[in-house]
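For what it's worth, our numbering labels the leading residue of the sequence shown as 1, then goes sequentially.
Yeah, the Cβ is synthetic: ideal placement off N, Cα and C, and Gly gets one too.
These numbers come from a predicted model, not from an experiment.
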Amino acid sequence: MTTLFSLAYADSVPPVPGGANTTTASTQVASGAPGAPGAPSPLASILPLVLMIGVVYFLMIRPQQKKMKEHQSLLEKIQHGDEVVTTGGVFGKVTGVADKVLTLEISDGVRIKLLKNQVASVNPKLS
1 MTTLFSLAYA DSVPPVPGGA NTTTASTQVA SGAPGAPGAP SPLASILPLV LMIGVVYFLM
61 IRPQQKKMKE HQSLLEKIQH GDEVVTTGGV FGKVTGVADK VLTLEISDGV RIKLLKNQVA
121 SVNPKLS
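Next comes the structure, spelled out in structure tokens:
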């Protein structure tokens, strides 16, 4: 009965004659010795990681931060009488402004309260 270990030892390379301390150029290259030709420098191995982080920052994080700043300034400028659209798609006219809450009139005599953060856009003239 053969086992996995016996098969692994059977496929291994026999030891080099002359002792275990003998090294050749082929073993230095295979083991990645410091002076071996073709060994990558530490800078070359870190450079792809730095480039990926830079691409993610400039393509994803920075535009999202800019969009958040624009939305925050839009929310600060909301005042009584503005017509807004909520993230749920409700159109209404601002009748009351508090620190974090707006009161919208969505129909004659129908008023709702919602968080300022739920305003998607401010449209002065929707009619």
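Residue i to residue j span [Cα, whole Å]
i	j	result
M52	P42	17 Å
E70	P40	45 Å
A120	I112	16 Å
V94	Q72	17 Å
Q118	G92	12 Å
G89	A98	21 Å
DSSP three-state assignment for residue i, whether helix, strand or coil
i	result
A44	helix
I53	helix
K77	coil
Residues that DSSP places opposite residue i in a beta bridge
i	result
L115	V101
F91	V85
G96	T103
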